[in-house]
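Chemist: Below: one structure in structure tokens.
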Amino acid sequence: MLVVAAWISGILLGLATVLVIVRMMRGPSILERAIAMDVLLAIIIAALCVDMAVNHHTNHLAFVVVACVLGFIGSVTISRYVTDRRNS
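Residues in the sequence shown are numbered from 374 upward in steps of one, following our numbering.
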């Protein structure tokens, strides 16, 4: 049963990846591209978590935690840059 759930989640994550890449290419503003990059990072993290659940290991756990922290810091940095740019 876990294998079926892994296949379904893999297909959905692949479809989401394609849609996010399209949004990254077509996004008219830097904020939309930044949000798309954050969503892409979340998709990668979710794929690693699915791999850990299916194969019963925690080898990618450190990367998942670091990627979450870097994604948060990157989002805050970009939002501050855009806010400072709009105010000047």
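By construction, the Cβ of each residue, glycine as well, lies at the ideal position given by its N, Cα and C atoms.
Being a predicted model, the structure only gives us computed values, none of them experimental.
Just to confirm, are residue 403 and residue 455 a CB contact at a threshold of 8 Å?
Modeler: Yes.
Chemist: Assign residue 393 to one of two classes, buried (16 or more other C-beta atoms within 10 Å of its C-beta) or exposed (fewer than that).
Modeler: So residue 393 counts as buried.
Chemist: Report the CB separation of residue 423 from residue 383 in whole angstroms; it is logged as a contact under 8 Å.
Modeler: About 7 Å; that satisfies the 8 Å criterion.
Chemist: Could you give the DSSP three-state label for residue 383: helix, strand or coil?
Modeler: DSSP places residue 383 in helix when its eight states are reduced to three.
Chemist: With DSSP as the reference, label residue 452 as helix, strand or coil.
Modeler: Helix, per DSSP.
Chemist: Does DSSP put residue 390 in a helix, a strand or coil?
Modeler: Helix at residue 390.
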